[in-house]
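4 protein chains.
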Amino acid sequence: MAKKNIAIVGATGYTGSELVRVLINHPGVNIAAITSESRKGEKFSDVHPQFQGLFEPELVGIDDISEMDLDLVFLALPHGVSMDFVKANHDKAFKIVDLSGDFRLSNKEVYEAWYKKEHNFEAGFEQAVFGAPELFRERIKDARLVANPGCFPTSSILALAPLLKEGLIDKSRIVIDSKTGVTGAGIKAKPNTHYPMVNDNFTAYGIKSHRHTIEIQEIISKYANDEVTVLFTPHLLPVDRGILSTCYSTPVKSVSTEELEKVFEEYYANEPFVRLRNSLPSLKQVRGTNYCDIYVTYDGRTNSIITIGVIDNLMKGAAGQAVQNMNLMLGLNETDGLSIAPIQP
Amino acid sequence: MAKKNIAIVGATGYTGSELVRVLINHPGVNIAAITSESRKGEKFSDVHPQFQGLFEPELVGIDDISEMDLDLVFLALPHGVSMDFVKANHDKAFKIVDLSGDFRLSNKEVYEAWYKKEHNFEAGFEQAVFGAPELFRERIKDARLVANPGCFPTSSILALAPLLKEGLIDKSRIVIDSKTGVTGAGIKAKPNTHYPMVNDNFTAYGIKSHRHTIEIQEIISKYANDEVTVLFTPHLLPVDRGILSTCYSTPVKSVSTEELEKVFEEYYANEPFVRLRNSLPSLKQVRGTNYCDIYVTYDGRTNSIITIGVIDNLMKGAAGQAVQNMNLMLGLNETDGLSIAPIQP
Amino acid sequence: MAKKNIAIVGATGYTGSELVRVLINHPGVNIAAITSESRKGEKFSDVHPQFQGLFEPELVGIDDISEMDLDLVFLALPHGVSMDFVKANHDKAFKIVDLSGDFRLSNKEVYEAWYKKEHNFEAGFEQAVFGAPELFRERIKDARLVANPGCFPTSSILALAPLLKEGLIDKSRIVIDSKTGVTGAGIKAKPNTHYPMVNDNFTAYGIKSHRHTIEIQEIISKYANDEVTVLFTPHLLPVDRGILSTCYSTPVKSVSTEELEKVFEEYYANEPFVRLRNSLPSLKQVRGTNYCDIYVTYDGRTNSIITIGVIDNLMKGAAGQAVQNMNLMLGLNETDGLSIAPIQP
Amino acid sequence: MAKKNIAIVGATGYTGSELVRVLINHPGVNIAAITSESRKGEKFSDVHPQFQGLFEPELVGIDDISEMDLDLVFLALPHGVSMDFVKANHDKAFKIVDLSGDFRLSNKEVYEAWYKKEHNFEAGFEQAVFGAPELFRERIKDARLVANPGCFPTSSILALAPLLKEGLIDKSRIVIDSKTGVTGAGIKAKPNTHYPMVNDNFTAYGIKSHRHTIEIQEIISKYANDEVTVLFTPHLLPVDRGILSTCYSTPVKSVSTEELEKVFEEYYANEPFVRLRNSLPSLKQVRGTNYCDIYVTYDGRTNSIITIGVIDNLMKGAAGQAVQNMNLMLGLNETDGLSIAPIQP
């Protein structure tokens, strides 16, 4: 079978380099172009020297790809920038996986309230399918535009979906206490990502106002067909990669740990990238991979359900899930290119 | 004024060395002896080489201190071992600050249920005062035996006490999501503290069963004069020192962030070691010190109160608070020896 | 072509798990067995939970493999243990790649002097080929027993070989200042690998006496056909993986940086796993891969040559190079299974 | 005795905050002013929140201090900026300790060659005393301007001075392989100090051209009364604080480790901040303190002397040594304010 041609728009960030890391070993696709406005004309390996000898194409401009015969384009752009590309290209022949937050929410109003930024392509909200294969696989297969989920939402939604599907928990308040590695903040050096600020340190941030709050809440509400209220608090870990979300909910009927485990096992029985763990999962057990590891337990003493979701934020939380979505959209095997063993340690 | 004579029982662990770090600059006390059964006869600086040239006494046996004229003894021993010393010495002239968990709980039955270990000195539970100066200062001044609080409880209790005192929150379930540095696990190398297991990693542990759960719950129930239910989940951070506890509770009356801040300000107005922060606190802002930094906010969207307590687990969570208790018990200035600026970075 | 059958003897350490990480995606081999004496009967994924869902065979005993039809066996055993297996199996049909230090040196006397341990299979020194493909590729292809190089030696030898080959440097003293990640010390928790001992810390160790000193010295002397004296100092970095060796030598003729770069370029022109860098290399640029990145420069002010070699100690310094050797020994493509992009960050 | 009044010019960097950390517990001085041009009018604790409740003066402008009655001024400014202050204030009543590199070298020409920057106050080179108390104590006592040594030079010079003093080593090439923590690069976030660039990583930098090369070489040449050639290579460690310098030299006469240890013991017999170690020193054994820990050994096999010097770059490498110099310049006890125990872990 001829390889599919894809392009990556946005070469300089972590999602760009992570897409390349995955795709250069993908059996079914060819990276036809990779763009950067700021470093056009340089080699990809000048921007990411670890790729010397491995992947060294010249970076092109975003305009250069319009004439190419592409099957799919990944947008590894900041939010607020992706929407311009989508607006200009939504009727092109190629499909789009947008890794930014521009089309994850339900509509323009919600977007503007949480992103404090004007949205210029309202129609995109209708067209976009939220790229969580475990929840919306069939719709993704037919989508022309997939909004690749945020990193925190991926870890949280997968840890909660079976509980909501089965109507097991109180929807009036779910507490999600999340901890993320620094790559979630992007490749650009900022005071709060300066090494001596992060190393041997830990803090909460974005309390009450982080944009992923509304993303989680909208998606699980939609999935539960009911209004769910989510309290989400992110924290910054002194690690490169990985998100661990500890989710606290209250059962609305009698449950046991064994029953919960059974619910999760059945729900995820055919999912290639969700692993139920019987011991407490950790970041390194999924590092570099597209896995989401999940742990569930019931605490009778406090009548609470605790679920933990763990992902690599650059993989299942970004590039890995984007490739999984691409595989679905292009009719490839869902796991192609993603059979990667965790790098531990 | 003549210096008080103190002894430290248990030289080889982190609490032992941290007590020395603080006390060698304390104006009012003299370290008369420091003991170790396993390394008796060696110098303290052989065990902790960072003290070369600073503090090099010979380690003595625990029996050697019985004949000394001591004002106070710190027990830097594992739980299950402290009780033997207290049993044998509770009627001696010296006072005792026990840094282990042996006398923090209400009684023998609770201890044995959570510590899975027999307790051999039931009378100690009655005699011991829980060494949280912000809650029990007057009782500590008169105590002969102080049970120095656990590290997680200190960060949690101080973040919750004002809310309970004022009857502001629902006591039926408080969620405490805590994150600790590795020194909390002690100085002994174990598989789960092997560098490649912890570095760039993160995990929950002791879920539903950590002993500090009952310590927190009993103390705040006692303080609130009512039954409080606590759900406590500890996590292991790749950092040396520090605990950050994120506490989620539900108000029982209408509140605002401003009102909460005022409650906390008044409550801690005269406390030398509690700092209310108006930005999100971090581990390094208290590193090496006896401070507990606290942040409080109300989330109207979810009708929740979020309070964050941050300490250095070896200081306010162990040795620092022990010295603060010693100062109270010996009639010294409460802040003596503890005017230390945070080491950041 | 039918897949080759290989076995891994020694499942519990880092080299065992790293061999599996590489080999489960290798197109030409099948892992027929993996052994552990201490955890026989358990699943491989019980020992290394990151492999859950990926690789879960039952661990067998070392005796179980004697009846198997194997093409090659990897020995991921401690030194002093490998020799027993080699002694017992050197005339079997399968080839052996020994990842320990048991057959890297020239003879029994040297081994016993540096390893402080008796050697029980003297004939092995003659049979073993030192598994550095860049130096001894043809001999490796024909070898029945390959002594896989040590991690420090790999980074140092590759940084020095072109200089020695061309007779460019003074052989009376080469200074190698090396820095390694903690995985080099193995998977077993020890006081010096306890997280709080390593984190935010740095120290030299094994000064003047590290066994890799003699390994480097013997191999480069043999390669230079002359006696070379090596001063080697290892240091312990607070990182998981990676070795960076800074090598200082003195030219014996007039050189320039440009000339040196040309020498290295020609020398390594056809090497798939050596990359010459024109900027200073770093650990993460090779992390998870079989690359050795090299930098060379001449300092006219001090008349010195500085060469830097960087590898992932678990890959080019252990499992990766072992697979490269296996590929040569079994007539497979040398790069099979090793086309892995660096994980950065 | 009345306290001395000092000012700190430059509040926003690490040396500024570290000077405050030390000086707020100094018995003999009062911080009369602390300046910042960029954040004038804000509180010091707004810039460095860890000082909330401890030290909260308003930051003033550099011009505001000209009218104050000051005994000494610390310049915690970047190089190239300090010279302006010194030029304008060298005839004022107060003494100056300059923590920048502006007056450490021998003259304007050397400065401009290595710093690639014009120097505007040539007379300062004559006036300035290099602030290494162990080498130039008496001159420092009388100095009006002290050039506080660089961090790498402090660790290196102290590791080499006794060898040079006794004429024990070949001066034609000394190799210094140094490793530093990230705070050495300052408080400003840059791409090469972005957390994911440093964490779990390691690299050399400034090879052949780092400015501290000439600083080390000039000072030890002056001290040895002979030309010494220094090859210096810095590396960036993933740690906050600390420098470890491994120095390689060749003896010019027969020596043994015992003889070397005796030379160092005698040389440093009365030095309060130099500790000779009989085991390999590490960064954390000096963290937060003004100590320089030194290890010396002779390697007979290669006829080499290896000396290791370890400091906290922000203390003995900057603020601590600056306070030590201040104590000497103001006639205070040399150790005042510096009796700090290492924070380990």
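Protein chains in written order, with UniProt numbering: chain X, 1 to 345; chain C, 1 to 345; chain B, 1 to 345; chain R, 1 to 345.
Even glycine gets a Cβ: it sits at the ideal position worked out from N, Cα and C.
Closest by C-alpha distance to residue i, when choosing among the options
| i | options | result |
| --- | --- | --- |
| S135 (chain B) | B:K117, B:S221, B:R241 | Checking the sequence, you will find Leu at residue 135 (chain B) rather than Ser. Comparing Cα-Cα distances from L135 (chain B) to each of B:K117, B:S221, B:R241, the minimum goes to B:S221. |
| L236 (chain C) | C:E118, C:E227, C:K43, C:H210 | C:H210 |
| E266 (chain X) | X:E166, X:D170, X:S155 | X:E166 |
C-beta contact flag for residue i and residue j at 7 angstroms
| i | j | result |
| --- | --- | --- |
| N325 (chain B) | I34 (chain B) | no |
| G242 (chain R) | D312 (chain R) | yes |
| I216 (chain B) | P153 (chain B) | yes |
| T183 (chain C) | Y14 (chain C) | yes |
| V9 (chain C) | L75 (chain C) | yes |
| T302 (chain C) | T257 (chain C) | no |
| R275 (chain B) | I343 (chain B) | no |
| A32 (chain X) | M68 (chain X) | yes |
| A132 (chain B) | F103 (chain B) | no |
| D200 (chain R) | D200 (chain C) | yes |
| S82 (chain C) | D63 (chain C) | no |
| S36 (chain B) | L59 (chain B) | yes |
Terminal residues of the beta strand (DSSP E) in which residue i lies
| i | result |
| --- | --- |
| L54 (chain C) | Segment: none, L54 (chain C) is in no beta strand (DSSP E) and carries neither H nor E. |
| P234 (chain X) | 230-236 |
| S209 (chain C) | From DSSP, S209 (chain C) is part of no beta strand (DSSP E); its letter is neither H nor E. |
| V274 (chain R) | 274-276 |
Exposure label - residue i; buried when at least 16 CB within 10 Å
| i | result |
| --- | --- |
| N333 (chain C) | exposed |
| S279 (chain R) | exposed |
| K3 (chain R) | exposed |
| P335 (chain C) | It should be pointed out that residue 335 (chain C) corresponds to Thr in this sequence rather than to Pro. Counting Cβ neighbours within 10 Å, T335 (chain C) comes out exposed, since fewer than 16 surround it. |
| V252 (chain B) | exposed |
| A269 (chain C) | exposed |
| P196 (chain C) | buried |
| D293 (chain R) | buried |
| D71 (chain B) | buried |
Proximity test, residue i beta-carbon vs the ligand NAD heavy atom, cut-off 6 angstroms
| i | result |
| --- | --- |
| I294 (chain R) | Only the bare structure without any ligand can be found here, which leaves the ligand NAD out of the picture. |
Residues sharing a beta bridge with residue i, DSSP
| i | result |
| --- | --- |
| Y298 (chain R) | R:I305 |
| K95 (chain B) | B:L72 |
| S282 (chain X) | C:T203 |
| K4 (chain C) | C:V29 |
| K43 (chain C) | C:E58 |
| T180 (chain X) | X:L236, X:I243 |
| L147 (chain B) | The residue asked about is misnamed: residue 147 (chain B) is Ala in this sequence, not Leu. In DSSP, A147 (chain B) forms a bridge with B:D98, B:F130. |
| H79 (chain R) | None, per the DSSP bridge assignment. |
| P251 (chain R) | R:I169 |
| T154 (chain B) | Answer is none; T154 (chain B) lacks a bridge partner. |
Boundaries of the alpha helix (DSSP H) in which residue i is found, first to last residue
| i | result |
| --- | --- |
| A113 (chain R) | 108-115 |
| K87 (chain X) | 82-89 |
| residue 359 (chain C) | The structure shown has nothing for residue 359 (chain C), since chain C only spans 1 to 345. |
| A123 (chain R) | 123-127 |
| R139 (chain R) | 133-142 |
| Q324 (chain R) | 319-329 |
| K262 (chain C) | 257-267 |
| V198 (chain B) | 195-198 |
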